[in-house]
Amino acid sequence: MTNITKSETFIFIGPSGCGKGTQAELLIKYLKENDPSRGVFYLETGEKIRSFMAGDKYSNKLSKQLYEDGKLQPEFLAVWVWADILIGNLKDDEHLVVDGTPRKLREAKVFDTAIRFYERTSTNIIFLNVSHGWSKQRLEERGRLDDKVQGDIERRLDWYEKEVVPTIEYFKTDPNYKFYEINGEQSIDEVHNQVIKKIFK
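Under my numbering, the letters of the sequence shown match residues 274 to 474, in that order.
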C-alpha cells in the first residue's frame with residue numbers, strides 16, 4: 274500500500290479530449306483505496322456552469338450566449354463557480370482532485386491564492402500531454418453535444434493553445450507546485466499507472 278501521510282492536491286490539466294475526467298476518477302478510486310481514513314473532494318465545474326446557463330436572469334443569458342457563440346466564459350465567472358464550490362464544500366484534511374480548472378492564466382493566479390488560503394502545502398499538477406490530432410480524434414469519437422460540430426472542436430483546441438498553454442507554463446515554472454508531464458497518448462490504464470508511479474513511487 275502506498276504511504277500517503279498528508280492531504281494532497283491534484284490538478285489535472287491538458288487539452289479537451291486528453292482524458293482528464295477519466296484519470297481524475299481513477300485517481301480518486303486509488304486514493305480511497307490507499308488512504309481510506311481521509312476524504313477525497315472532487316472539484317469539477319462543468320455541472321455548475323451548465324446549471325447556471327439554464328437560468329433565466331440577465332447574467333445566465335449572457336453566459337449561455339457566450340457558450341452558444343463558441344467562446345470561453347470570462348475569468349470572473351469561472352472563479353465564482355469554483356470558489357463557491359470550495360467555500361461551501363471543502364473540508365479540512367481532505368485530498369482535493371481538480372479536473373480542468375483553472376484554464377486561463379489570470380484565473381490560475383487567483384486559484385493560487387485559494388491554494389494558499391487553504392494551506393494546501395502539497396499541490397501536484399498533472400499535465401496530460403497529447404497532440405492536436407489526438408485530441409481532435411477523441412473529441413470526434415466521444416460525440417458529446419459540444420463535440421459534434423467540426424468548427425467547435427477546432428475552436429476549443431485553438432483556445433487551448435492560446436489560453437491554457439500559458440497556464441501550464443505558469444504552473445511548470447512555479448516552485449510551489451510539483452509538475453508532472455504524462456504522455457496521454459497511451460491506454461487509460463497506462464496513463465493511470467504513470468500518474469501513480471510518478472507521484473507516489
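Quick reminder that beta carbons are idealized off the backbone N, C-alpha and C, glycines included.
Using the C-alpha atoms, what's the distance from residue j back to residue i?
i, j, result
"Asn362", "Ala387", "14 Å"
"Lys471", "Tyr453", "7 Å"
"Thr282", "Leu300", "11 Å"
"Ile322", "Val354", "7 Å"
"Asp420", "Glu427", "Reliability of the predicted coordinates at Asp420 is poor, the pLDDT of 48 falling under 50, and the value obtained from them is presented with this limitation in mind. Taking the straight line joining both Cα atoms gives about 10 Å."
"Pro448", "Ser395", "11 Å"
"Gln410", "Gly457", "13 Å"
"Lys344", "Glu298", "27 Å"
"Lys293", "Gly373", "7 Å"
"Arg376", "Gln296", "18 Å"
"Arg379", "Ser324", "24 Å"
"Val431", "Ser310", "Per the sequence shown, residue 431 should be read as Asp rather than Val. So the alpha carbons of these two residues sit roughly 42 Å apart."
"Asp342", "Ala351", "17 Å"
"Phe349", "Ile286", "19 Å"
Within a Cβ cutoff of 6 Å, which residues of the same chain sit near residue i, ignoring the five residues on either side of it in sequence?
i, result
"Leu418", "Only weak support is given to the placement of Leu418: the predicted model assigns it a pLDDT of 49, under 50, and the value that follows is read from those uncertain coordinates. Excluding sequence neighbours, Leu418 sits near nothing in its chain."
State the start and end residues of the unbroken beta strand (DSSP E) segment that holds residue i.
i, result
"Glu367", "Neither: Glu367 is in no beta strand (DSSP E) and is coded neither H nor E."
"Glu454", "Lys451 to Asn456"
Start and end of the alpha helix (DSSP H) containing residue i?
i, result
"Glu380", "Leu378 to Phe390"
"Val354", "Glu348 to Asn362"
"Leu221", "An answer regarding residue 221 cannot be provided, because it is not within the stretch 274 to 474 covered by the chain."
"Val403", "Here Val403 belongs to no alpha helix (DSSP H), and DSSP marks it neither H nor E."
"Thr446", "Val438 to Thr446"
"Gln467", "Ile461 to Phe473"
Residues in its own chain within less than 8 Å of residue i by CB, not counting five upstream and five downstream?
i, result
"Ile358", "Leu316, Thr318 and Lys321"
"Trp407", "Gly290, Cys291, Gly457 and Glu458"
Heavy atom of the ligand HEM less than 7 Å from the Cβ of residue i, yes or no?
i, result
"Trp355", "The ligand HEM is absent from the structure shown, which contains no ligands of any kind."
Quick one: residues in its chain with C-beta nearer than 7 Å to the C-beta of residue i, no 5 flanking neighbours on either side, listed in chain order?
i, result
"Val313", "Ile301, Leu304, Lys305, Glu367, His368 and Val370"
"Met326", "Asn333, Ser336, Lys337 and Tyr340"
"Ile277", "Asn307 and Asp308"
"Ile469", "Tyr303"
Verify the CB distance criterion: does residue i have a CB-CB separation below 8 Å to chain D?
i, result
"Gln296", "Among the chains of the structure shown, chain D does not appear; only one protein chain is present."
- Message: Under 8 Å: do the stretch 457 to 470 and the stretch 435 to 446 share three or more Cβ pairs, one atom per stretch?
- Response: no
- Message: For the stretch 291 to 309 against the stretch 333 to 342, do three or more pairs of beta-carbon atoms, one drawn from each stretch, fall closer than 8 Å, so that the two count as touching?
- Response: In short, these stretches do not touch, since the Cβ pair count stays below three.
- 4-residue-minimum alpha helix (DSSP H) runs that sit fully inside the stretch 286 to 334, ordered along the chain: 293 to 307 and 319 to 326
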